[in-house]
Each structure stands twice: as structure tokens, then as C-alpha cells.
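Step one of this worksheet: look at the structure below.
Residue numbers (the working numbering): 437 to 874.
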């Protein structure tokens with residue numbers, strides 16, 4: 437089959453692959469998207485966005501010409517591509533990275549590998565996977581030699597769902613190839629595609645490490661903020677005032693400051709630390725610090741539920757008799773993404789220990805998402821509640837959960853798991869309040 441010039445194949449049309457495909461089509465590439473989810477392909481072919489509340493992407497996919505971006509379940513279509521980018525998920529199971537989907541995608545790509553093609557792995561993996569797992573599959577199946585017959589590189593995905601400023605088309609990226617020629621090919625591809633800085637590194641391992649480590653750093657910073665909040669709770673300080681003090685140095689020296697809460701979520705921050713831990717342990721490197729940080733963040737939903745339980749006890753009540761409204765299911769503000777959401781983890785615990793539980797999220801209406809009731813509105817969620825548990829920092833909650841609104845619905849307890857509400861105003865209204873560190 438004769439390849440078309442500037443044709444891109446994208447394997448996996450999820451949160452990473454689909455925005456990449458749409459961006460490439462907008463830049464003039466002919467794009468072939470491969471995915472096994474036929475319902476998703478129907479949505480894409482109808483030029484509808486599968487992501488709620490992302491107006492920029494909805495407009496972008498709607499404007500994509502039908503002949504510029506086609507989808508299929510057949511990997512044979514990739515024979516037409518100059519470049520194939522693999523963007524399949526890499527979940528962790530019991531904190532162990534699962535590379536099954538990467539290896540399956542590589543095996544399918546290998547069956548249709550063409551001479552001269554550039555293959556890029558964008559999936560987040562632990563250092564060594566591109567060379568030690570993907571490369572052998574491609575060479576063994578195709579009989580081709582990397583750096584000569586085809587080219588292989590790693591360019592870790594960077595995407596921030598719901599961010600109105602930064603998206604796949606303007607985020608800085610790093611690339612690393614198996615050989616210098618592979619790096620050069622990947623650098624040229626991404627430089628043409630993305631309006632941002634593309635940084636060449638010395639190997640695929642370095643590129644893999646950058647992605648895992650940037651999210652590991654964020655995980656550790658969140659753990660530090662949560663640790664400070666727990667200390668503040670224990671000794672009677674207010675983390676909000678402490679954070680203001682810390683911010684005074686941040687403003688002058690350009691440091692970064694994380695906020696405490698019920699824990700990080702999403703596919704990246706909670707999981708990527710385990711890619712680093714796995715690789716380090718294989719080399720006999722002590723990972724206790726990273727282990728402790730990850731475990732502390734994992735415990736935060738339980739810590740917040742215990743905070744609510746203790747608050748009720750201070751007022752002569754038991755959590756098992758308290759009706760709770762869980763506000764928020766998404767892992768971050770103002771989006772519908774619930775992957776690895778600490779809010780849902782808190783919900784499971786409240787379902788077990790509270791008198792009753794109803795949830796509300798303004799961006800989610802799927803009643804099958806969780807094994808407890810999802811209300812259709814904030815007012816309905818609070819109708820019979822004694823307590824609210826703010827689990828996601830949706831802007832709607834910060835705006836609407838005023839003392840007057842809470843009093844109107846008879847709310848007696850507030851557990852602010854994201855520290856977004858006005859503590860002093862709520863307490864002045866006679867409502868018992870606890871945050872994380874305040």
C-alpha cells in the first residue's frame with residue numbers, strides 16, 4: 437500500500453490520542469485514528485466531543501473535515517502512515533504498572549510496520565519500557581532494524597483536561613529516541629506539529645523519566661501539603677494562614693506550592709509515582725520517601741471522613757446517624773473526569789459509615805458511575821442532608837455554598853475537603869465546620 441505524505445496514525449483515541457489527532461488534522465495532516473471502542477468512533481465520526489465542558493475542543497473537533505480525520509478498528513490502515521503514535525492507557529493494578537495495552541498495541545502496529553515509519557510511544561511508562569518492551573516486539577515481528585528500517589521514540593503525553601490556556605497544541609514536550617536518528621525524526625515531527633518548545637533528550641529512558649518524575653514531584657508536594665495540614669489539625673493551627681505565610685516566599689523566589697485536600701486524582705499524579713518506584717526497586721534503590729508520600733495521599737479520603745466523624749461526635753452525634761451530601765465526584769474542578777478520583781474513594785467510605793449518602797456533581801449525570809444515589813441538582817442533594825462533604829473544588833460550590841444557603845437546607849456540619857469555603861462565615865452562622873488543616 438502506498439503511503440500518503442504527512443499521514444499520521446494515532447492508536448488509542450482517549451484523553452491523549454483524540455486531542456492529538458484533532459490538532460494534527462487542524463495542522464494539515466491526514467489522520468487515521470485506531471481504537472477498539474466502536475461507540476467512541478461513532479461519536480468522533482459525528483464530530484461530537486466525548487468530553488463535557490470543554491468548549492475549545494468541542495469547537496475544534498466540529499471543525500475537523502471528514503476526509504482529514506478518519507477512524508477505524510483495523511490496524512492495517514496504519515500502513516498508509518508516515519508516523520504512528522501509540523496513546524493507549526497504562527493503568528496501575530495494586531500499584532504495579534500494567535503494560536498489557538502498550539504491548540498489545542505494539543504487537544498490532546508491528547504486523548503492519550512499514551519501512552521508514554516513525555513509531556512514537558506517548559503512553560506514560562516507567563523508564564526502559566520503550567527499549568525493553570516495545571522495541572523487541574516491533575523488531576521481532578517485522579524483521580526490521582530500528583534506526584535503519586524504522587524509527588522509534590518516546591514523547592510522553594502532556595495534557596491538562598479542562599485547562600483553557602494550555603492544550604496539546606501549545607504544551608512544551610520532550611522527545612528521546614532509541615538512536616540519534618530516531619530522536620531527530622521525532623524532533624522534526626513534533627516541531628512541525630506543536631507550537632511550543634520541543635526538547636530533545638539523550639534516550640527514550642530520559643524522556644520516560646521526565647514524565648514520571650514531573651508527576652512524582654507533584655505527588656510529593658501534595659503529600660507535603662497534606663502532612664502540614666494534618667500537623668495543623670493536631671496542634672490547633674490553620675493551614676490557610678500558614679499557606680499565606682509560605683506564599684510570601686513563593687511570590688519572590690518562584691517556588692511552587694501545593695494545596696492540601698482529600699488527595700490527588702486523575703490518571704497521572706496518583707499513578708506515575710509507581711512507575712518510578714518500580715524502576716528504582718529493580719535497581720536496588722531505596723524508595724521509602726516516595727512510598728510514604730504516595731501512601732499519605734492515598735489515606736487522605738479516609739482522614740477526611742474521620743474528620744467529619746469526630747466533628748459529629750463533638751456535637752454529641754455519631755456519623756452512622758448523619759445524612760451526608762457528597763459534593764463532587766470528579767478528580768479536579770469544573771470537569772467530568774473521574775479517573776482515580778479521591779472524591780469517589782471518600783464516597784465509598786461514607787456509604788459504609790454514614791447514615792445515608794447522596795452525591796451531586798454538576799458535570800456528571802451517569803447514575804451507574806457509583807453504587808450510591810447521584811442527585812440531579814445541588815438543592816435536591818441537600819434536601820434531606822445533615823452534613824455536606826465538599827470533595828471536588830468545583831467553582832459552583834465555592835459560589836453557592838454560602839452560610840445562608842446551607843442554613844436554608846438545615847445543614848449542621850460541613851467537611852470542606854478542598855478548603856474552598858469561608859470557614860469563619862459558616863461558623864458565625866452556627867454551622868460546625870472542618871477543613872483539611874483548618
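Beta carbons are placed, not taken as given, at the ideal position from N, Cα and C, and that holds for glycine.
When DSSP states are grouped into helix, strand and coil, residue 575 belongs to the helix group.
Annotation: residue 670 to residue 754 spans about 21 angstroms, alpha carbon to alpha carbon.
By the 16-neighbour rule on beta-carbons within 10 angstroms, residue 693 is exposed. By the Cβ rule, the segment 530-550 does not count as touching the segment 500-509, because fewer than three pairs are nearer than 8 angstroms. DSSP places residue 663 in the uninterrupted alpha helix (DSSP H) bounded by 640-671. When secondary structure is reduced to three states using DSSP, residue 723 falls in the coil class, being assigned neither helix nor strand. Bridge partners of residue 868 according to DSSP: 849. For a cut-off of 8 angstroms, the C-beta gap from residue 761 to residue 655 is around 29 angstroms, too long to register as a contact. Of the other Cβ atoms in all chains shown, 16 or more fall within 10 Å of the Cβ of residue 793; this residue is therefore buried.
Contact between residue 580 and residue 621 fails: their C-beta atoms lie close to 14 angstroms from each other, not under 8 angstroms. Nearest neighbour of residue 695 by Cα position, chosen from 819, 868, 525 and 663, turns out to be 663.
Secondary structure at residue 808: coil, using DSSP grouped into helix, strand and coil. Rounded to whole angstroms, residue 738 and residue 706 show a C-alpha spacing of 16 angstroms.
As the crow flies, the alpha-carbon of residue 557 is around 7 angstroms from that of residue 592. Rounded to whole angstroms, the Cβ separation of residue 827 and residue 779 is 3 angstroms, and the two are in contact under 8 angstroms.
According to DSSP, residue pairing for residue 533 in a beta bridge involves 528.
Under the criterion of beta carbons closer than 8 angstroms, residue 847 and residue 814 do not qualify as touching, at roughly 12 angstroms. Scanning the segment 566-628 for uninterrupted beta strand (DSSP E) segments of 3 residues or longer gives 587-590 and 609-613, listed from N- to C-terminal end. Residue 723 has its alpha-carbon roughly 7 angstroms from the corresponding atom of residue 717. According to the DSSP assignment, residue 794 belongs to the beta strand (DSSP E) that extends over 792-796. Membership of residue 756 in any beta strand (DSSP E) is not indicated, and neither H nor E is assigned to it by DSSP. Taking 8 angstroms as the upper bound for CB-CB distance, residue 577 and residue 553 are not in contact here, some 13 angstroms apart.
A distance below 8 angstroms between beta-carbons, with the five flanking residues on each side excluded, links residue 834 to the following residues of its chain, in chain order: 856 and 857. Assigned with DSSP and collapsed to three states, residue 514 falls in helix.
Annotated three-state conformation of residue 557 is strand, per DSSP. Looking at 684, 675 and 709, the one whose alpha-carbon comes closest to that of residue 697 is 675.
With fewer than three CB-CB distances shorter than 8 angstroms, the segment 630-646 does not count as touching the segment 677-691. Residue 466 carries a strand assignment under DSSP once its states are collapsed to helix, strand and coil. Annotation: residue 596 to residue 602 spans about 7 angstroms, alpha carbon to alpha carbon. Rounded to the nearest whole angstrom, the C-alpha separation of residue 461 and residue 810 is 38 angstroms. Short of 6 angstroms from the beta carbon of residue 512, and not among the five residues preceding or following it, lie these beta carbons of its own chain, in chain order: 548.
DSSP lists 609 as the bridge partner or partners of residue 634.
When DSSP reads this structure, residue 445 sits in a beta bridge with 468 and 520. Beta-bridge pairing by DSSP links residue 507 to 469.
Using a Cβ distance threshold of 8 angstroms, residue 617 and residue 574 do not count as a contacting pair. Residue environment for residue 480: buried (at least 16 other C-beta atoms within 10 angstroms of its C-beta).
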